[in-house]
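Undergrad: Shown below is the structure under consideration.
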Amino acid sequence: MGPNTIVFYYKSFRDVKATSTALFADDVGNVVYVLPPKEPTDPFSWLQFVNSLNLWLTCGAHVTVVNGPRSVEQHSWDRLNEKARSHMTGYLDTYPAYMSRLHYLIPSEPGVLSPTMACLKVGVVHDPNRWWAVEQATEFYEFLRQQVNEAVQLEPIRIPKSMRPRGKPSGGTHARASGGPAIKAAGVSKRHLKRVEKRKARSMQRAAERKLSELKMN
1 MGPNTIVFYY KSFRDVKATS TALFADDVGN VVYVLPPKEP TDPFSWLQFV
51 NSLNLWLTCG AHVTVVNGPR SVEQHSWDRL NEKARSHMTG YLDTYPAYMS
101 RLHYLIPSEP GVLSPTMACL KVGVVHDPNR WWAVEQATEF YEFLRQQVNE
151 AVQLEPIRIP KSMRPRGKPS GGTHARASGG PAIKAAGVSK RHLKRVEKRK
201 ARSMQRAAER KLSELKMN
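Residue 218, in UniProt numbering, is where the sequence shown stops; the numbers in between run on with no holes.
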């Protein structure tokens, strides 16, 4: 990413605090606010969500609100979108001057989904408390770049060499054509499992040959 790009991870809307000078500086030009996978358990955290939008917009930033990877709890995800949309609509009713700088690319109603949504092209989140693998996160980011392309130009991300799977190129990430989750079977690929099985078979064969050789010598 570019030297002026900040990636901020949060567990709750309350984590996006007004005291963070890096997040709410006057020179922040564009913000992409990625929503959590399910409805927040703390209903009062929505106040902080609206407050953070207000701070960015009053600083002159353009804010784009999008869905992150979806939860397996569909009804919770629908309620999240409904409440986010309701809060943003209410905010713009009060501050219509910011309408041109607040963009929300979330479903207009349950079941109405755009094929360009990045969250539809990656796997669902089974455990929201568990970190995604590097390939899953960068795959979602690549689709996100395409989704918000008209509002903001996000830089391609480069994976550090220490975090790249073996045999992967060092350039920017490329989206998978299948649109499926990047990591399957709890992070272990079928190819890796086959290699492990082959090594076990070779080890067992060598052990059997040694025992047979010992029997012949005796």
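Where a beta carbon is used, it is the ideal one built from N, C-alpha and C, also for glycine. Predicted model, so just to flag it, every value in this text is computed and none were measured.
(1) If you run the structure through DSSP and keep just helix, strand and coil, what is Thr-94?
(2) Below 8 Å on the Cβ atoms is my contact criterion, and I expect Tyr-104 with Val-65 to pass it. Report the Cβ-Cβ distance as a whole number of Å.
(3) Identify which residue in Leu-144, Leu-23 and Thr-41 has its Cα closest to the Cα of Leu-80.
(4) May I have a chain-ordered list of the alpha helix (DSSP H) segments no shorter than 4 residues that lie completely inside the segment 8–71?
(5) Give me whichever residues DSSP pairs with Arg-202 in a beta bridge.
(6) With DSSP run on the structure shown, which of helix, strand or coil describes Leu-113?
(7) Starting from Val-134, follow its DSSP beta bridges and name the residues at the other end.
(8) Rounded to a whole number of angstroms, what is the C-alpha to C-alpha distance between Pro-115 and Asn-67?
(9) On a CA-only basis, which of Arg-145, Asp-26, Pro-128 and Tyr-141 is nearest Ser-76? Give me that one, please.
(10) Looking only at its own chain, which residues have a Cβ that is under 6 Å from the Cβ of His-126, when we skip the five neighbours before and after it?
(11) Asn-30 and Val-122 look like a contact to me (Cβ under 8 Å); what is the Cβ gap, rounded to whole Å?
(12) Going by the beta-carbon positions, is the gap between Ser-52 and Val-16 smaller than 7 Å?
(13) Just to confirm my understanding: we take Trp-132, look at its own chain, exclude 5 residues before and 5 after, and list those with CB closer than 6 Å. What are they?
(14) Have a look at Pro-43 and Met-204 and give me their C-alpha separation to the nearest angstrom.
(15) Verify whether the separation of the beta carbon atoms of Arg-70 and Cys-119 is less than 7 Å.
(16) Could you say which of Asn-54, Met-163 and Val-34 lies nearest to Met-88 if we only look at CA atoms?
TA: Working from what's here:
(1) Position 94 of the sequence shown, counted from the first residue, corresponds to residue 94. Looking at Thr-94 - three-state DSSP - the assignment turns out to be helix.
(2) Stepping through the sequence shown from its first residue, residue 104 is reached at position 104. Stepping through the sequence shown from its first residue, residue 65 is reached at position 65. Correct: roughly 4 Å between the Cβ atoms.
(3) Translated into the one-based positions of the sequence shown, residue 80 becomes position 80. Taking only the C-alpha atoms, the option nearest Leu-80 is Thr-41.
(4) 45–58
(5) Counting from one through the sequence shown, the residue named residue 202 turns up at place 202. DSSP, once it has assigned bridges, lists no residue as partnering Arg-202.
(6) On the sequence shown, position 113 is the one that residue 113 refers to. Leu-113 falls in the coil class under three-state DSSP.
(7) Your numbering for residue 134 matches position 134 in the sequence shown. In the DSSP output, where bridge partners are listed per residue, Val-134 has none listed.
(8) Residue numbering aside, residue 115 sits at position 115 when the sequence shown is read from its first letter. Residue numbering aside, residue 67 sits at position 67 when the sequence shown is read from its first letter. Each residue's Cα considered, the two are about 13 Å apart.
(9) Working through the sequence shown from its first residue, we reach residue 76 at position 76. Closest option to Ser-76, Cα to Cα, is Pro-128.
(10) Here the question's residue 126 lines up with position 126 in the sequence shown. Contacts found: Val-72.
(11) Walking along the sequence shown from the start, residue 30 turns up at place 30. Walking along the sequence shown from the start, residue 122 turns up at place 122. Asn-30 to Val-122, Cβ: 22 Å. No contact.
(12) Taking the sequence shown and counting its residues from 1, the one referred to as residue 52 is at position 52. Taking the sequence shown and counting its residues from 1, the one referred to as residue 16 is at position 16. It is a contact, given that the beta carbons lie within the stated cut-off.
(13) Along the sequence shown, one-based indexing puts residue 132 at 132. Hits under 6 Å: none found.
(14) In the sequence shown, residue 43 corresponds to position 43, counting from 1. In the sequence shown, residue 204 corresponds to position 204, counting from 1. Near 58 Å, if we compare the C-alpha coordinates of Met-204 and Pro-43.
(15) Working through the sequence shown from its first residue, we reach residue 70 at position 70. Working through the sequence shown from its first residue, we reach residue 119 at position 119. Going by C-beta atoms, Arg-70 is nearer than 7 Å to Cys-119.
(16) Taking the first residue of the sequence shown as position 1, residue 88 is located at position 88. Selected option, being the one with the closest Cα: Asn-54.
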